[in-house]
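Under this note's numbering, the first residue of the sequence shown is numbered 8, with each subsequent residue one higher. Virtual Cβ for every residue (Gly too), placed ideally from N, Cα, C.
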Amino acid sequence: EDMSKSQQIEMSVTKDNTYSATIPNLSIQTEYYYRFVVGNKVSEFFDDQKRTFKTLDYIAPVVHTEDASSISGTKATLKGVVEFACEKPILEQGFMVGTQEDNLETYKVDGTDFTFNIENLNYKTTYYYRAYAKNDVGIGLGEIKTFQTCGAVSFNEIKLLSVTANSAMIEAGVADNGGIEVDLQGIRYCVKGNDEVTFVETTASTTLKNLKHDTTYEVWGYAKTFEGEFEGDRVEFNTMDEVFEKSNKLF
8 EDMSKSQQIE MSVTKDNTYS ATIPNLSIQT EYYYRFVVGN KVSEFFDDQK
58 RTFKTLDYIA PVVHTEDASS ISGTKATLKG VVEFACEKPI LEQGFMVGTQ
108 EDNLETYKVD GTDFTFNIEN LNYKTTYYYR AYAKNDVGIG LGEIKTFQTC
158 GAVSFNEIKL LSVTANSAMI EAGVADNGGI EVDLQGIRYC VKGNDEVTFV
208 ETTASTTLKN LKHDTTYEVW GYAKTFEGEF EGDRVEFNTM DEVFEKSNKL
258 F
């Protein structure tokens, strides 16, 4: 209440003759007294009315949820910010994430970097999330935000354009990349029941050569992204019997 040890703070006056100031570095739960002073080059006028305010007690952290980044089909990076810790150490921080706003799972984040790389998400799914932080007063919750994961790579239906005794012309390709850049695409094929798989890079049609006659093959679409490998449904075809093919050429 002793104003003899007061500190004077300069304030700028707005067009409507109002003025305000932010006073930093105040103590928690402390009563302060203040009065207004108006001055010019000649003199100063001290407001006779002595006013007071009291700072609040310690509170839970004030937390902000940042936008998600590096979103793919199964992963995303989440970031939070503790905007005000109220001079209390942060005991725990992390994120609450889920596909339903009222049913979020908690993921703790260790260390001082308030960032979390969440994995094993579902393709083309909307997720709700919020940052949180705790001190010994309580828990502070950031605002709830959303992000949507990318879709999975899908493939066009395999088309068999022609089949001979030792070759097959195949048409295949990626129908939808799911919002993810495809680094490599083509088809894979093998003799049915054989684990030895051959890859042919293509974006449209290609001819498989040096096949075994009168044999059942499996062929399917293939694509590779930074997330991993994707495969389409397998389609079977039979190469012609070599003798039958030669006999047909006689007519």
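Hey, G80 and G185 are a contact pair by Cβ (cut 8 angstroms); roughly how many whole angstroms apart? 6 angstroms
Across which residues does DSSP place D183 in a beta bridge pair? DSSP output for D183 lists S161 as bridge partner(s).
For G149 and D74, the rounded distance between their alpha carbons: 11 angstroms
Paired residues, beta bridge with I125 - DSSP: A83
Assuming I35 and E94 form a contact by the criterion Cβ under 8 angstroms, report the distance between their Cβ atoms to the nearest whole angstrom. 7 angstroms
From P68 to K115, what distance separates their C-alpha atoms? 16 angstroms
Check K95 in the structure and name its three-state DSSP category. coil
Can you say whether I30 is buried or exposed, counting buried as having 16 or more other CB atoms within 10 angstroms of its CB? Under a 10 Å Cβ-count criterion, I30 is classified as exposed, with fewer than 16 other Cβ atoms of the shown protein chains found around its own Cβ.
Just confirm the distance between the C-beta atoms of K131 and G158, as a whole number of angstroms; I'd bet it's less than 8 angstroms. 4 angstroms
Quick one: using the 10 Å Cβ neighbour count with 16 as the cut-off for buried, is T106 buried or exposed? exposed
What's the gap between the Cα of K231 and the Cα of D190? 6 angstroms
Rounding to the nearest angstrom, what Cα-Cα distance links A172 and N217 in this structure? Roughly 9 angstroms between the two C-alpha positions.
How should I187 be labelled, buried or exposed, when 16 other C-beta atoms within 10 angstroms of its C-beta is the threshold for buried? When all chains shown are included, I187 counts as buried.
I need the boundaries of the beta strand (DSSP E) containing G46, first residue and last residue. V44 to G46
Can you tell me whether DSSP reads L191 as helix, strand or coil? Residue state, collapsed to three classes: strand.
Using a Cβ-Cβ cutoff of less than 6 angstroms, which residues in the same chain neighbour A140 once the five nearest sequence positions on both sides are dropped? P68, V70, V89, I97, Q100 and G147
Counted within 10 angstroms of its Cβ, other Cβ atoms place N245 as buried (16 or more) or exposed: exposed
From the DSSP output, in three-state form, read off L257 for me. Note that L257 scores a pLDDT of 44, beneath 50, so its modelled location is shaky; the value from the coordinates is reported in the next line. Three-state result, L257: coil.
For A175, tell me which candidate among T113, V207, D202 and K152 has the shortest Cα-Cα distance. V207
Applying the 10 Å Cβ sphere with the 16-neighbour rule, what's the burial state of V204? exposed
Distance check for S77 and F121, CA to CA, integer angstroms please. 16 angstroms
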